[in-house]
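K.L.:
Here it is, the structure, as structure tokens.
In the working numbering, the protein residues as written are 2 to 677.
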């Protein structure tokens with residue numbers, strides 16, 4: 002076994018971490034009679050040789066040994082090895098430059114798989130059928146012969162999709178019959194095979210397929226890839242078919258099927274904007290299910306519905322659970338208040354005000370304001386470990402974020418917010434500034450902290466009084482240290498000409514060279530912005546901005562934006578175009594810079610639309626830029642994005658559906674502005 006393994010120059014074959022010299026040891030471990038050592042070998046295979054779906058040159062070289070091990074009695078978990086051989090050929094499960102080489106290697110060395118189709122162990126037969134089908138059409142006849150005599154449902158469920166892939170015409174009658182097979186595994190496999198082929202489920206088979214997915218055991222098999230089979234089928238089903246499938250699962254006697262249905266609905270809602278409205282009655286029934294596990298699972302479905310969950314508000318209020326509260330907060334429904342107050346009174350701390358995952362805070366409520374004020378006066382919670390503290394988040398910061406969003410309505414909480422300044426200035430100071438004139442009693446406390454170097458407090462004084470003095474004083478303290486950040490310097494820029502005395506302290510950032518760290522580069526740009534807003538002159542920082550543009554990446558876009566704001570940068574048009582087309586983090590600012598340099602908006606639209614469509618976190622900035630440059634030619638594409646049924650991809654934190662709803666509102670606002 003493993004003959005010739007030492008004749009290979011493994012150093013010349015890259016794996017996940019460079020030259021894969023560990024490959025022979027991994028293969029020998031897989032072959033070990035010790036089950037624990039064999040398990041470690043399989044683990045290392047998925048770490049070094051096939052890592053997170055990526056294959057490498059070493060993967061192709063390992064394939065013949067993997068085939069040998071899979072066919073050798075006594076090797077542990079041969080079914081896993083066969084599954085891996087098949088999955089290595091599935092384009093949905095493999096990426097990397099070596100993927101075609103790997104698939105070719107499996108095909109060339111697949112001969113020993115043939116006798117495994119008749120192995121006494123049905124699990125070996127099933128996984129051998131999967132690997133053989135992916136090996137190529139030369140196995141079509143053998144798989145067809147095996148189908149004719151195979152009786153084990155799990156093996157038949159693996160044979161069927163393979164035959165459908167290799168010979169779809171001949172497999173048509175087999176699939177039609179399998180949709181009504183007594184075995185739920187086979188019915189589910191037939192549905193997966195049809196979906197993979199892009200064919201709809203026949204209306205007459207929907208009840209049978211729904212009952213298959215309603216079984217306590219979901220009967221997944223390898224042909225659905227890394228997704229459950231139900232996800233593949235339900236996502237592809239049309240609305241009418243999805244209703245039938247969901248109805249059949251909802252009628253199942255076992256609660257496990259209804260729990261699974263809740264997850265199925267959540268997945269469909271995450272993929273389709275119209276799906277919640279079509280299937281909301283099913284969610285309503287799940288919320289009133291007699292089984293608590295089903296009701297809990299229904300929370301995931303209603304969260305995934307996004308704003309379309311609004312018609313269920315009364316059901317959510319009656320439910321009263323944390324998921325229901327979460328959705329009511331996201332909806333901005335006033336019914337959230339009694340539930341939140343009840344949870345707090347019970348000693349619970351639902352994470353529904355977390356500013357990180359809930360960008361839209363709840364509406365103002367006087368009773369909640371009173372409760373927030375009381376909670377702000379409580380001593381800090383003690384945690385048993387750093388991990389427990391990290392899991393608790395920043396509850397005080399979250400409360401202050403809510404008060405900030407309420408603005409003047411939160412004026413009653415000014416005393417409590419002032420008391421938070423020593424330990425939570427980063428969130429307390431902006432909250433006071435947002436309250437406005439009613440928070441002027443906080444100015445002495447804010448000024449004292451600003452004089453000690455707190456820029457955020459100085460900025461709050463500026464917003465409350467118009468006096469930039471405390472902000473400049475705080476900035477002088479900050480600039481005398483090595484801890485100045487781009488965020489803080491952006492606040493300092495709001496001081497305008499009042500910040501002119503800070504210029505000598507800013508020059509340390511104007512080195513004429515780009516810092517190695519991107520965060521420090523952003524700070525260089527922010528320092529230049531302070532100088533520009535303070536003096537209107539470019540002399541001290543212009544060479545540094547030019548170098549930063551050439552250095553590229555996100556800070557290069559910031560530098561290009563500021564450089565062209567000052568009227569400079571025409572000679573760097575080529576470099577700025579490179580930023581527009583090559584760097585996500587610089588794209589929007591590069592577009593603004595180029596537009597200032599005279600590039601027509603129409604030329605910039607394709608790059609900006611790419612940013613919008615990608616779901617990259619620069620997407621919102623790209624929309625802002627489209628408005629800034631009056632890119633009216635973008636309206637048709639934006640309208641298509643706003644009107645389509647598919648959810649918009651999102652890289653922002655939080656739930657996909659809610660992010661998509663917010664983004665769709667932003668799309669429509671952008672369209673309205675551009676067409677006004």
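Where a beta carbon is used, it is the ideal one built from N, C-alpha and C, also for glycine.
#1: Figure out for me which residue from 257, 550, 589, 533 has the closest Cα to the Cα of residue 515.
#2: What three-state label does DSSP hand residue 562 in the structure shown?
#3: Under a three-way DSSP split, which group does residue 679 fall into?
#4: Name the residue from 74, 331, 175 whose alpha carbon lies nearest to the alpha carbon of residue 662.
#5: Quick check: what's the CA-CA separation for residue 392 versus residue 376?
#6: Using a Cβ distance threshold of 8 Å, determine whether the segment 517-526 contacts the segment 537-552, with at least three qualifying pairs required.
#7: Does the segment 239-256 come close enough to the segment 269-284 to have 3 or more Cβ pairs within less than 8 Å?
#8: Could you give the distance in angstroms between the alpha-carbon of residue 141 and the alpha-carbon of residue 275?
#9: Looking at C-beta atoms only, is the number of pairs between the segment 616-636 and the segment 249-263 that lie closer than 8 Å three or more?
#10: When the Cα atoms are used, what is the spatial distance from residue 10 to residue 20?
#11: Among the candidates 616, 342, 92, 68, whose CA atom is the shortest distance from the CA of residue 86?
#12: Taking 9 Å as the cut-off, decide whether the C-beta atoms of residue 547 and residue 559 are in contact.
#13: Where DSSP assigns a beta bridge to residue 124, which residues make up the other side?
#14: Assign residue 582 to one of three DSSP states: helix, strand, or coil.
#15: Taking the alpha carbon of residue 170 as the point to measure from, which residue in 195, 153, 48, 497 has its own alpha carbon closest?
#16: Looking only at its chain, what residues have a beta carbon closer than 7 Å to the beta carbon of residue 66, apart from the 5 residues adjacent to it on each side?
#17: Find out if the Cβ-Cβ distance for the pair residue 123, residue 155 is shorter than 9 Å.
#18: What number of angstroms, rounded off, separates the C-alpha of residue 502 from the C-alpha of residue 575?
#19: Alpha carbon to alpha carbon, how far is residue 8 from residue 25?
#20: With a threshold of 8 Å on Cβ separation, who are the neighbours of residue 272 within its own chain once the five nearest residues in sequence on each side are excluded?
#21: Using three-state DSSP, classify residue 20 as helix, strand or coil.
#22: With respect to the alpha helix (DSSP H) encompassing residue 238, which residues constitute its N-terminal and C-terminal limits?
#23: Can you tell which of 319, 312, 403, 368 has its C-alpha closest to the C-alpha of residue 356?
#24: In terms of DSSP beta bridges, what is residue 56 paired with?
#25: Measuring CB atoms only, is the segment 307-314 touching the segment 337-355, in the sense that at least three cross pairs come out at less than 8 Å?
#26: Please report the Cβ distance between residue 157 and residue 151, rounded to the nearest whole angstrom; I am assuming they are in contact, meaning their Cβ atoms lie under 8 Å.
#27: Among the candidates 604, 650, 583, whose CA atom is the shortest distance from the CA of residue 615?
#28: Considering Cα atoms alone, identify which of 518, 619, 91, 627 is closest to residue 601.
#29: In terms of residues, what are the limits of the alpha helix (DSSP H) holding residue 95?
#30: Under a Cβ-count criterion, where at least 16 other Cβ atoms within 10 Å of its own Cβ denotes burial, should residue 185 be classed as buried or exposed?
#31: Mapping the DSSP letters down to three states, classify residue 15 as helix, strand or coil.
#32: Comparing alpha-carbon positions, which option in 636, 588, 593 lies nearest residue 619?
#33: Ignore the nearest five residues each way along the sequence and tell me which others in residue 597's own chain have a CB closer than 6 Å to its CB.
#34: Can you check whether the CB of residue 190 is closer than 9 Å to the CB of residue 162?
#35: Since residue 573 is in the alpha helix (DSSP H), which residue starts that stretch and which ends it?
P.N.:
On the basis of the supplied data:
#1: Closest option to residue 515, Cα to Cα, is 550.
#2: helix
#3: A query on residue 679 cannot be resolved here, the shown segment of the chain reaching from 2 to 677 and no further.
#4: 331
#5: Its pLDDT being 48, under 50, residue 392 is placed unreliably in this model, and the coordinates cannot settle the point.
#6: yes
#7: yes
#8: 41 Å
#9: no
#10: 10 Å
#11: 68
#12: no
#13: Among the bridge pairs identified by DSSP, residue 124 is matched with none.
#14: helix
#15: 195
#16: 3, 6, 28
#17: yes
#18: 36 Å
#19: 10 Å
#20: 236, 647, 648
#21: strand
#22: Careful: residue 238 lies outside any alpha helix (DSSP H) and carries neither H nor E.
#23: Answer by Cα proximity: 403.
#24: The partner list for residue 56 (beta bridge, DSSP) reads 51.
#25: no
#26: Their Cβ separation, rounded to whole angstroms, is 5 Å, which keeps residue 157 and residue 151 in contact under 8 Å.
#27: 650
#28: 627
#29: No alpha helix (DSSP H) contains residue 95, which DSSP labels as neither H nor E.
#30: Residue burial is scored here from C-beta neighbours: residue 185 has at least 16 other C-beta atoms within 10 angstroms and is therefore classed as buried.
#31: strand
#32: 588
#33: 565
#34: yes
#35: Taken as a continuous stretch (DSSP letters only), residue 573 belongs to no alpha helix (DSSP H), as it is neither H nor E.
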